[in-house]
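Numbers 1 to 543, taken from UniProt numbering, label the letters of the sequence shown in order. What follows is a short report on a single structure.
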Amino acid sequence: MIKDTIKRQRISRIYPNNPRNISIHEINSKQHPLNVKPSGNSFITTPDQLEQKKQLLGDFFIFQDELIMLILSYLDIKSLLNLSHTSRILYAFIYDEELWKNKYIELGIEKPWHGSWRNTVLGISQDASLQIPNNLLCSDLLYRPFQNSQIDYHKIFKNLINEEEMYHKHSINGELGDLPPGRIDRIQNMTMEEFNSHYHNLPFILTTGEWPSWTFEELFTRFPNVQFRQEAVSWDLTKYSQYLKQNKDENPLYLFDCNSEAMKLLKKEYSPPSIFTEDYFKVLGICRPFFSWLIMGSQRSGSTFHKDPNSTSAWNAAIQGKKLWIMLPSNITPPGVSTDYEESEVTSPIGIAEWVISGFYNDSTRIPECKIGITFPGETMYVPSGWWHSVINLDDSIALTQNFVPKVKLPNVLNFLKNKPKQISGFKLKNVKECLDEVVKESNNEILKAYVEKFNGLTIDVNEDCGEIKNLPELPVFELFKQLMINNGYEDELNDAIEIMNRIEGRNYANENGKSKKWEKLTEVESTSAFSFNFDEESSDEE
């Protein structure tokens with residue numbers, strides 16, 4: 001009924017179901033700046049070229065490329081420079097951007113950006129003019145990162161972008177019809193009732209909302225000297241703007257900021273859509289993990305497949321630039337991604353471009369449950385709790401995102417906190433301890449009292465994120481969250497959620513063990529007594 005109501009807000013228009021997959025021929029293979037060739041070219045290397053390579057590499061010739069790079073990673077900058085002048089092949093290995101990026105981070109170098117990690121570390125501005133002739137060096141280890149850095153998403157996703165742009169324009173005009181299967185639905189307006197009854201477990205794009213019109217130039221001008229975290233480095237926006245305009249990275253740095261002085265001001269300049277304002281994690285107060293971020297990244301940047309922390313849901317509003325989303329339900333592991341049994345360890349290709357070029361994007365489009373869509377500036381993506389999602393920035397992009405816990409997803413979060421305590425992340429041990437002390441003073445909770453004694457005996461650094469601390473005793477986040485729900489007047493909502501959580505636990509147990517807990521209790525045999533279903537003892541097994 002609710003679904004029909006939403007559909008009546010649109011003109012009945014059926015779009016063509018064009019294929020979502022891409023052609024490998026759309027992926028350019030440009031020439032490496034030093035003329036390094038893909039490994040496949042080694043099959044046409046002549047004996048003379050092989051002999052020349054052996055002479056240029058010397059004893060290094062017997063090593064695999066990976067081992068050569070490992071050896072180089074232990075050398076200091078002066079040794080790398082000296083070695084690079086001994087052989088054009090070694091020069092090509094030492095030209096590798098990841099090698100110099102690691103040196104920059106390892107040594108804590110602070111220099112103006114010169115267009116690449118190598119040039120920045122060495123303080124130079126010119127690029128190499130050296131060329132390796134013929135097929136003298138054929139190496140995927142060296143060629144593939146360059147190929148990935150040259151990927152043109154606008155070209156390979158041209159059909160998808162054109163279609164999504166059409167859907168976007170029609171949604172603005174109020175003429176959006178039914179989308180092809182596999183596309184993420186676009187919704188103009190939605191009530192909480194509609195969200196709770198139908199859309200809470202489906203990704204969708206909210207096409208309306210009041211968002212700031214920030215531009216890169218505006219943010220760079222307002223906060224030129226504010227330090228922001230860009231993954232492994234912390235730069236001010238002046239330096240990041242230089243990096244944004246010119247970098248050669250296979251996986252460009254992605255800025256995620258949640259607690260800078262700038263973000264404290266920017267948070268006052270927007271409000272989430274009303275359907276995303278219900279958030280029960282608010283009761284956590286001082287011990288709540290960071291949940292609101294400003295995101296900035298150059299085109300080709302993005303995030304590989306992941307689930308949002310602590311089974312929270314999220315919204316992501318595009319302020320500048322287009323974002324491509326690939327999403328899968330929690331029970332379907334994305335192609336090219338592997339996990340352990342509990343999904344505490346996730347392994348995937350090095351980066352997004354590698355994932356696309358390797359064909360895993362096309363594999364994803366063949367999964368019926370896979371959802372794909374593009375958010376344009378002013379649109380907001382809803383990411384349901386537990387859904388796998390990967391994001392590709394098609395343009396230089398600015399976005400806002402926030403994790404939250406609506407009532408309809410409260411059972412999922414409780415189930416996660418209770419049954420996956422080792423995967424809980426984002427909580428600062430110091431804040432949890434302070435919150436625990438306060439709650440115990442107000443509540444007669446014996447379980448939490450016992451945890452206070454355990455925490456008082458800890459000798460580890462309490463300022464660290466609990467997810468980064470090895471051998472940390474189990475955190476009482478589940479019990480603490482329940483007690484805070486009660487203290488804030490949400491006991492009825494908590495009891496309802498726990499009832500649903502128990503059913504979730506039962507289903508998960510049955511899926512894992514092939515039988516229900518109720519059946520196990522029913523068939524339990526105590527060692528001191530016999531058990532019978534009251535069948536006739538003389539009945540045969542066949543009967």
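Where is the CB? At the ideal position from N, CA and C, for every residue including glycine. Quick caveat: nothing in here was measured; it's all calculated off a predicted structure.
Any beta carbon of chain C sitting closer than 9 Å to that of residue 259? Among the chains in the structure shown there is no chain C, since it carries only a single protein chain.
I need the DSSP call for residue 69, collapsed to helix, strand or coil. helix
Counting only the same chain and skipping the five closest in sequence on each side, list residues whose C-beta sits under 7 Å from that of residue 319. 211, 212, 214, 377, 398, 399, 400
Per the DSSP calculation, residue 297 is bridged to which residue(s)? Per DSSP, 254, 397.
What do you get for residue 189, buried or exposed, if any count of 16 or more other CB atoms within 10 angstroms of its CB means buried? That one is exposed.
Looking at residue 247 and residue 116, is the spacing between their C-beta atoms short of 9 Å? yes
Helix, strand or coil, according to DSSP, for residue 45 in the structure here? coil
Thinking C-alpha only, which one of 139, 258, 70, 59 is nearest residue 43? For residue 43, the closest alpha carbon among the candidates 139, 258, 70, 59 is that of 139.
So which of 406, 391, 207 has the shortest CA-CA distance to residue 361? 391
Name the one or two DSSP bridge partners that residue 186 has. Under DSSP, residue 186 takes part in a beta bridge, and its partners are 205.
Tell me residue 375's beta-bridge partners as DSSP assigns them. 323
Please name the residue or residues paired with residue 328 in a DSSP beta bridge. 388
Would you identify the three-state DSSP class for residue 15, choosing helix, strand or coil? Residue placement at residue 15 is flagged as unreliable, the pLDDT there being 40, under the threshold of 50; a coordinate-derived value is accordingly withheld.
Using only CA atoms, which one of 134, 99, 223, 32 lies nearest to residue 238? 223
Measure the C-alpha to C-alpha separation of residue 384 and residue 120 and round it to an integer number of angstroms. 41 Å
For the region 56–107, list the alpha helix (DSSP H) runs that are entirely contained and at least 4 residues long, ordered along the chain. 65–73, 77–84, 88–94, 97–107
Mind checking residue 296: buried by the 16 CB within 10 Å criterion, or exposed? buried
Measuring CA to CA, which of 250, 321, 144, 435 is closest to residue 216? 321
Could you tell me the distance, in whole angstroms, from the CA atom of residue 547 to the CA atom of residue 207? The structure shown does not extend to residue 547, since the chain is modelled only from 1 to 543, so the question has no answer here.
Using the rule of at least 16 other Cβ atoms within 10 Å of the residue's Cβ for burial, across every protein chain shown, is residue 74 buried or exposed? exposed
How about residue 258 and residue 436: are their beta carbons less than 9 Å apart? Going by beta carbons, residue 258 and residue 436 fall outside the 9 Å limit.
Please confirm if the region 271–283 is in contact with the region 480–493, defined as three or more CB-CB distances below 8 Å between the two stretches. yes
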